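Worksheet: the structure to be examined is printed underneath.
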Amino acid sequence: MKRLKFALLSLGILPALHSAAIAADYTFAPNGCEFAMNFPEQPTSAERCDPAAPTQCTHSSVFVKVYGMDSSMRITATCSPAEDDMLKRYSGDVMRFTLESMAKGNAKTYETGFNDLGTAKQAILLGSTPNDHDGEDVYMAQLWIGEKSVLTVEGVLTGVQTPDSDSIFTGIMKSIKRAAAEAPAAKADEESEKKDKKEDETKTDETAEE
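Under mature numbering (1 follows the signal peptide of the UniProt record, and there is no 0), read the sequence shown as residues -23 to -1, 1 to 187, first letter to last.
Quick look at the structure:
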């Protein structure tokens, strides 16, 4: 139970306990995804696009870390295009139910949390299952819904408890956030460039008519 409580506290499902941030050697922030998260090492990544709509792609990364013979973690992150009005339609109860369905077979006991961030919604489930080492395996799932994308994260921490594995696991899960928005200056430059291009095209058309 101590292991589960540590993770709950670190993530803020219970009263906050701030854990140290992990060193981000790799940031999962694919194009078109409104969310980002950090990994201490580069995970295995893949991209799958809809043949009928090549710009509609699902990005996934799998991070696996083994600690000796008796402890390991596996975290899977998947970012997909959101359905129409998904942010509006999915309430906290619906998001919790979705995570509870994902947790079946992975957690015997669990707690959930929900946060409405305005332009995004976040639901968390963290549970545990007794293991053969007189301890517990930890399972965590997070669901983030934005205006254009959906991030699903599942993590399993198995085997013997170690401070290093627990800290890295919660650090990765706690690193999830909304991706940085495009800088206003860069966006303004892009709009200006489009405007100039349009004006040039108009002048070219007028010259051709003369």
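Just so you know, even glycine gets a beta-carbon here, dropped at the ideal spot from N, CA and C. Quick caveat: nothing in here was measured; it's all calculated off a predicted structure.
Validate contact between the segment 66 to 75 and the segment 93 to 100 using beta carbons, cut 8 Å, 3 pairs: yes
Helix, strand or coil at Met14 [DSSP, three-state]: Position 37 of the sequence shown, counted from the first residue, corresponds to residue 14. If DSSP states are grouped into helix, strand and coil, Met14 belongs with the strands.
Proximity of Met117 and Met150 at Cβ, strictly below 8 Å: As a working mapping, residue 117 is identified with position 140 in the sequence shown. As a working mapping, residue 150 is identified with position 173 in the sequence shown. Going by C-beta atoms, Met117 is nearer than 8 Å to Met150.
Cα-Cα separation between Thr139 and Ser152, rounded to whole angstroms: Residue numbering aside, residue 139 sits at position 162 when the sequence shown is read from its first letter. Residue numbering aside, residue 152 sits at position 175 when the sequence shown is read from its first letter. For Thr139 and Ser152, the distance between alpha carbons rounds to 20 Å.
Contact the segment 112 to 130 vs the segment 54 to 69: 3+ CB pairs below 8 Å: yes
For Leu103, the first and last residue of its enclosing beta strand (DSSP E): Here the question's residue 103 lines up with position 126 in the sequence shown. That run of the beta strand (DSSP E) goes Ala97 to Pro107.
Opposing strand residues paired with Leu92 [DSSP bridges]: Taking the sequence shown and counting its residues from 1, one reaches residue 92 at position 115. Position check: residue 92 holds Asn in this sequence, whereas Leu was assumed. The partner list for Asn92 (beta bridge, DSSP) reads Gln99.
Identified DSSP bridge partners for Ala80: Numbered from its first residue, the sequence shown carries residue 80 at position 103. Note: Ala80 sits in no beta bridge, so no partner.
Stretch pair the segment 16 to 27 + the segment 103 to 123: three plus CB contacts closer than 8 Å: no
Sub-8 Å separation of residue 192 and Thr147 beta-carbons: Outside the shown range of the chain (-23 to 187) lies residue 192, about which nothing can therefore be said.
Where the alpha helix (DSSP H) through Thr147 begins and ends: Taking the sequence shown and counting its residues from 1, one reaches residue 147 at position 170. Unbroken alpha helix (DSSP H) run through Thr147: Pro140 to Lys151.
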